[in-house]
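Numbers given in this note's numbering equal positions in the sequence shown, counted from 1, plus 412. Beta carbons are placed, not taken as given, at the ideal position from N, Cα and C, and that holds for glycine. Owing to the predicted nature of the structure, the values given are computational and were not obtained by experimental measurement. Structure first, commentary second.
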Amino acid sequence: MLHFHVVTLFPESIEPYLNASIIGRAIAAKKIKISYYDPKKFTRDRHGRVDRRPYGGGPGMVLEPDGMLRAAQKAIGNKKGVEKIFFATDGVVFDEVMAKELSKKKDILFICGHYEGVDARVQKILKAKKVSVGPYVLTGGELPAATLIDAISRFVPGVLGKAESLEASRVSSPDVYTRPEVLEWKGKKHRVPKILLSGHHAKIEEWKKSRKTPEVKPPENTHGSSPARL
């Protein structure tokens, strides 16, 4: 069973999504497991404070290393071979190839930043891999964590049902249609493309290929401009 460990200040921000639909069923079926570790519960600060002003100045607050590291240590203990991921704007861009590789792991640790990010020593001490979900900054690492958990879980055997399991291999298109065949909306008729109603499977697959969105490679150096570690 693949066990996801999420170090986050706000587990409640992603738990509802991950407990629903396919991922929720995978958890119930014990195909995957998700555990959360709140740094506020592990800090040695008597007031439970986990953020501090950054050295060298700058806006916002930075999550201090002690609480984050102690939460991470609680998560991984003495386990070997844990994949550790630190969300960062200058990280390797996450893709389906990475998702498939990560699905083979037994334990994956996610370090979710917030505010202006996490003290950089956390990533260095844990020797965590920097990963980015795109050339933009989010308010926290919770959404990237949920994104990776969703994408990775789909490659875990038994997570997808029989019909859904075909989804990864079938020829897909950015345009999909269902009933009704003719949709009347504000006085106009919008029809399903005739080829999809033809029953000619080879031509339908050919049409889907022609409509398929080409892979877009991200431009270089788009992830190193922002100081936020999310």
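- Excluding its 5 nearest sequence neighbours in each direction, Phe-416 has C-beta neighbours in its own chain below 6 Å: Ile-446, Ile-520, Ile-561, listed in chain order.
- Distances from the alpha-carbon of Glu-495 to those of Ser-515, Lys-601, Lys-443, Tyr-467 put Ser-515 closest.
- Secondary structure note for Val-543: its beta strand (DSSP E) is the uninterrupted segment 541-544.
- Non-local C-beta neighbours of Gly-460 in its own chain, meaning closer than 6 Å and more than five positions away in sequence, comprise Lys-452, ordered along the chain.
- For Gly-472, same chain residues with a beta-carbon under 6 Å away, outside a window of 5 residues either side, are Tyr-527, Glu-528 in chain order.
- Sorting Thr-420, Leu-430, Ala-614, Gly-553 by C-alpha distance to the C-alpha of Thr-501 places Gly-553 at the top.
- Boundaries of the alpha helix (DSSP H) harbouring Ala-484: 477-488, taken from the DSSP string.
- Going by DSSP, Leu-414 is part of the beta strand (DSSP E) stretching over 414-419.
- Under the three-state reduction of DSSP output, Ser-515 falls in the coil class, being neither helix nor strand.
- According to the DSSP assignment, His-459 belongs to no beta strand (DSSP E), since it is labelled neither H nor E.
- A Cβ-Cβ separation of about 7 Å places Arg-603 in contact with Glu-593 under the 8 Å criterion.
- For Met-413, same chain residues with a beta-carbon under 7 Å away, outside a window of 5 residues either side, are Lys-442, Lys-443, Ile-444, Lys-445 in chain order.
- Per the coordinates, the alpha-carbon of Leu-608 lies some 58 Å from the alpha-carbon of Arg-464.
- The three-state reading of DSSP puts His-612 in coil, since its state is none of H, G, I, E or B.
- In the three-state DSSP reduction, Lys-620 falls in the helix class (H, G or I).
- Comparing C-alpha distances from Val-534 to each of Val-543, Pro-466, Asp-478 shows the shortest one belongs to Asp-478.
- Within its own chain, the residues whose Cβ lies closer than 6 Å to the Cβ of Val-418, once the five positions on either side in sequence are excluded, are Tyr-448, Phe-522, Ala-557, listed in chain order.
- Per the coordinates, the alpha-carbon of Lys-541 lies some 14 Å from the alpha-carbon of Asp-507.
- Counted as a single uninterrupted DSSP element, the beta strand (DSSP E) harbouring Leu-595 occupies residues 594-597.
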